[in-house]
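Below is one structure, written out as structure tokens, with a few remarks after it.
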Amino acid sequence: MSAFPTLLKNENISARGCSVGNAQRVLKYSRDKTASVKIEMTEEVVSCSSQNIYPSPEMVWSTDPPSAPETLQNFTVKTLDSKGLYTVESTVRILGNVSDHGYFCSVISADKAQEWTASLRQQEELIGEASRELSIPCIAPQNLQNFTLIWTFTRTNEPTLILSYDSRTGRTTNYWEGRAGLEQHWVLMGNGSLLLNYPESQENTGTYTCTFSGLQSRHVVQTQVNITETPIGGTQITLPRTIHTWTTCYTRGGRNTTIPPSTGHATGGHNTTIPSSTGHATGGHNTTTQSSTGHVRG
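For the sequence shown, full-length UniProt numbering assigns the number 1 to the initial residue and increments by one for each residue that follows.
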């Protein structure tokens, strides 16, 4: 597959497909090198770059889901080095929440015949429980042919390789054997979701990155995963709790009577309303109650 042409100067060569002699500047199309498109995301912007290109290419941005062209304003800079090769750098501001869109950067050759695309999507944080299976989604944005899929995990700074898959051979190299895996029958359809088996809270909390790489495309999906501890004995259930407050009430007598909280009645000779703030009643009994109003028969 053709890539961007490289620039040769002051050479007599036979370019592929035609003979060129005594040329001051000759373009030779290399068929064993592809353009490299790099895409990155910070807190506020997404940046895309490609280098060692000739002639000057075009860089185009898009999103998934699509956004209005006027909202996706980019800032693009092209520089020319001493060899006559171009470096293109471009940035766009993130629209809304970082997980609202996937960002696509396409580098298009000057003759419009070739296109290289890189995309980046940051998904919403995924929360799972320790010792419970968890699926981390990763869907390719288009039907890819002859691709590789790589999953990595980052907890601090250095990423750790989880597994790799090659669609040409159907082979999976799994470095987390028994701890993570793919659904093989879904991968060829562009579903590269990772299944975590019995994750542990601290060891498996971090950023998981899925990368689909095709001949002229590269698609990256990042997911922050937080694994929480499983409650002891299964699921925790909180039951309502009643708090009892007992109030001692004094009457002008010599006998103590306890008033049950459900009825607030005591035996004696007459009914008396007992304010909860004072706890005093008249009637000749000493009464204890937990309700706001108690009745005393005395």
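Positions of the beta carbon are idealized from the N, C-alpha and C atoms, including for glycine.
What you are looking at is a predicted structure, and each value in this text was computed from that prediction instead of being measured.
When the options are compared against residue i, the one with the closest alpha-carbon
i, options, result
"Thr169", "Cys48, Phe147, Asn143, Tyr175", "Phe147"
"Lys78", "Ala68, Gly84, Ser193, Glu89", "Glu89"
"Gly84", "Glu58, Gln51, Gly102, Tyr198", "Gln51"
"His101", "Gln224, Ser67, Cys138, Ser36", "Ser67"
"Arg179", "Asp166, Leu163, Leu196, Glu200", "Leu196"
"Arg91", "Leu182, Leu144, Val46", "It is worth fixing the name first, because residue 91 is Thr in this sequence and not Arg. If we check each option's Cα against that of Thr91, Val46 comes out closest."
"Tyr86", "Thr63, Ser49, Glu70", "Ser49"
"Leu144", "Thr205, Leu161, Asn204, Gly190", "Gly190"
"Ser131", "Val60, Val37, Tyr175, Glu203", "Glu203"
"Ser62", "Gln73, Gln122, Ile53", "Gln73"
"Pro159", "Asp166, Tyr165, Trp151", "Trp151"
"Phe104", "Leu95, Thr117, Ala110, Ile162", "Thr117"
"Phe153", "Ser99, Cys210, Thr173", "Cys210"
Coil, strand or helix - residue i by DSSP
i, result
"Ser276", "In this predicted model, Ser276 has a pLDDT of only 46, less than 50, meaning its place in the structure is not dependable; the value taken from the coordinates is given anyway. It is coil, neither helix nor strand."
"Thr152", "strand"
"Trp61", "strand"
"Val37", "strand"
"Thr169", "coil"
"Trp176", "coil"
"Glu115", "strand"
"Thr160", "strand"
"Thr71", "helix"
"Glu200", "coil"
"Gln51", "strand"
"Gly181", "strand"
Extent of the continuous beta strand (DSSP E) to which residue i belongs
i, result
"Ser222", "Residue identity differs from the one stated: residue 222 is Gln in this sequence, not Ser. Gln222 -> beta strand (DSSP E) spans 217-228."
"Ile108", "102-108"
"Ser135", "134-136"
"Tyr86", "86-93"
"Leu126", "126-129"
"Thr211", "206-213"
Residue i versus residue j - alpha carbon distance
i, j, result
"Pro141", "Ser106", "14 Å"
"Leu215", "Thr230", "43 Å"
"Ser213", "Val221", "12 Å"
"Gln114", "Pro57", "10 Å"
"Thr76", "Met59", "8 Å"
"Ile39", "Glu133", "31 Å"
"His265", "Leu126", "Confidence at His265 is low in this model, with a pLDDT of 48, below 50, so the placement of that residue should be treated as unreliable; the coordinate-derived value is given next. Approximately 57 Å between the Cα atoms of the pair."
"Glu43", "Thr205", "21 Å"
"Ser36", "Ser109", "13 Å"
"Thr228", "Lys112", "50 Å"
"Asp166", "Glu124", "27 Å"
"Gly192", "Ile139", "6 Å"
Range covered by the alpha helix (DSSP H) that runs through residue i
i, result
"Val187", "184-187"
Rounded Cβ spacing between residue i and residue j (contact assumed at less than 8 Å)
i, j, result
"His185", "Ser119", "His185 to Ser119, Cβ: 24 Å. No contact."
"Val225", "Tyr208", "6 Å"
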